[in-house]
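To keep things clear, I will list the structure first and then write my remarks on it.
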Amino acid sequence: MRYRLYNCTLYTGAEVLTQHSLLVMADGRLGGVVPDAQGPTDIPAVDGRGLQLAPGLLDLQVYGANGRLFSVQPDLAALETLTAHAFRHGTTGVLATMPTNAWPLMREALEIGRAHRHLPGLLGIHLEGPYLNPTKKGAHQVEFIKAPTVAEANELLALADDVLRMMTLAPELTPPAVAARLREAGVVLSAGHSNATYAQAMAGFDGGFSAATHLFNAMSALQGREPGLVGAAYDAATASASIIADGVHCDFASVRISHKIMRERLFLITDAVTESAQGAYRFRRQANHFVDVQGTLAGSALTLPQAVRNCVQHAGIPLPEALRMASLYPARVLGLDGQLGRLAAGYAADFWLFDNELNAQATARAGELVWHA
């Protein structure tokens, strides 16, 4: 359906506009943004009711929602629950994430992702492991952590086809040949659950790694005599880093400082899990986060609008920039910034409408309403 959306404040990813209309084309893409006075009159006009409108949010690390954990039940129902929850919170694209697990389950996650790669809202699969440093395992199950080989990388790629979009690995334990093979297949390599020295991390960024996973968490810290992975992420000009802006995984001052250093290289994730009482990963909610059976911090209870709000209210980041941290910048990490993350001609008509408190009121994907309050 072709239509014009008016009477809303537009956060285009480049500027903030009022008295402008968003043109949605019949092919599910955007026709552009035009002043209201220049908007076409021969197509339906939809009233934005004075709300705010921004590109759909993108979550590159989320494990489950509403009692269904993808790492326990990697099936279509888990993916549908995950994407439906995302739509409810203005998020139009997710990477369903499988942490370190039994090898058959990791294979199954890729097979399910490949079989349902066209599920609306699913951008692909993020494997967080199993090639991690056991000394920085966090809540990952140590018995499933292993050393990477080219043979296993080829096995994963054969199973995944092109649905494996991102992997978290420890760069100090990843042979260059493995990194090269994964990058050749288009997989984004993210350094995480790592005890890398600064030199090892910089070698990883020079050798194919382009991101760091949940900055500060389960990684070597920035210290005066050893800058570690955190220092390398700051220092590597082409490296991005995800961050969990919930005030639990890291202090909001750390979010603010990191943004001052990294700017457009810092992007938001939720790292969200859900209640689980079966399988290798059993989680319970504790206030505004989740812990495993040992009481180890295991994931957040965030939504991306909450993360954006936290950046604005607690880290002093302006709203337009905080929105980019959850849309344009993650799109750039995946190489999709020519398709997602902006309100501009030719981009996907993926957007959300929200009130002044960043509560989602409606979410559209490919121009079609997928959720409304």
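Residue numbering for the sequence shown follows the working numbering, starting at 382 and increasing by one per position. Here a beta-carbon is modelled for each residue, glycine too, at the ideal position from N, C-alpha and C. In this text the structure is predicted, and so the values were computed from the model without any measurement.
Can you tell me which of 754, 546, 608, 456 puts its alpha carbon nearest to the alpha carbon of residue 591? 546
Delimiting residues of the beta strand (DSSP E) encompassing residue 416: 411 to 416
If the criterion is Cβ atoms closer than 8 angstroms, does the pair residue 551 and residue 513 meet it? yes
My understanding is that residue 383 touches residue 402, with C-beta atoms under 8 angstroms, so please give their C-beta distance in whole angstroms. At roughly 13 angstroms, the Cβ-Cβ gap does not stay under 8 angstroms, so residue 383 and residue 402 are not in contact.
Rounding to the nearest angstrom, what Cα-Cα distance links residue 477 and residue 450 in this structure? 10 angstroms
Give the range of the alpha helix (DSSP H) segment to which residue 391 is assigned. No alpha helix (DSSP H) holds residue 391; the beta strand (DSSP E) holding it covers 390 to 392.
Should the region 529 to 538 be regarded as contacting the region 744 to 751, the criterion being three or more beta carbon pairs within less than 8 angstroms? no
Within this structure, are the beta carbons of residue 471 and residue 648 separated by less than 8 angstroms? no
If you measure between the beta carbons of residue 671 and residue 660, is that distance less than 8 angstroms? no
Return the CA-CA distance between residue 616 and residue 501, expressed in angstroms with no decimal places. 37 angstroms
One or two residues paired with residue 424 in a DSSP bridge: BP columns for residue 424 are empty, so no partner.
When the Cα atoms are used, what is the spatial distance from residue 467 to residue 473? 7 angstroms
Is the number of C-beta pairs between the region 579 to 586 and the region 608 to 623 that are closer than 8 angstroms three or more? yes
Rounded C-beta distance between residue 505 and residue 494? I'm assuming under 8 angstroms. 6 angstroms
Ordered along the chain, which non-local residues of its own chain (more than five positions away) have a Cβ less than 8 angstroms from that of residue 725? Within the same chain, Cβ atoms closer than 8 angstroms to the Cβ of residue 725 are found at 393, 394, 395, 411, 413, 414, the five residues on either side in sequence being excluded.
For residue 556, which of 589, 440, 427 has the nearest alpha-carbon? 589
Is it right to say residue 531 is buried, meaning 16 or more other beta carbons lie within 10 angstroms of its own, or is it exposed? exposed
Where residue 556 falls: helix, strand or coil (DSSP): coil
Taking only runs of the beta strand (DSSP E) that begin and end inside the region 590 to 624, which ones reach a length of at least 3 residues, in chain order? Taking only runs of at least 3 residues, the beta strand (DSSP E) segments lying wholly in the region 590 to 624 are 590 to 593, 621 to 624.
Quick one: any contact between the region 698 to 714 and the region 638 to 655, if contact means 3 or more CB pairs under 8 angstroms? Verdict: yes, contact present.
Bridge partners of residue 509, per DSSP? 480, 549
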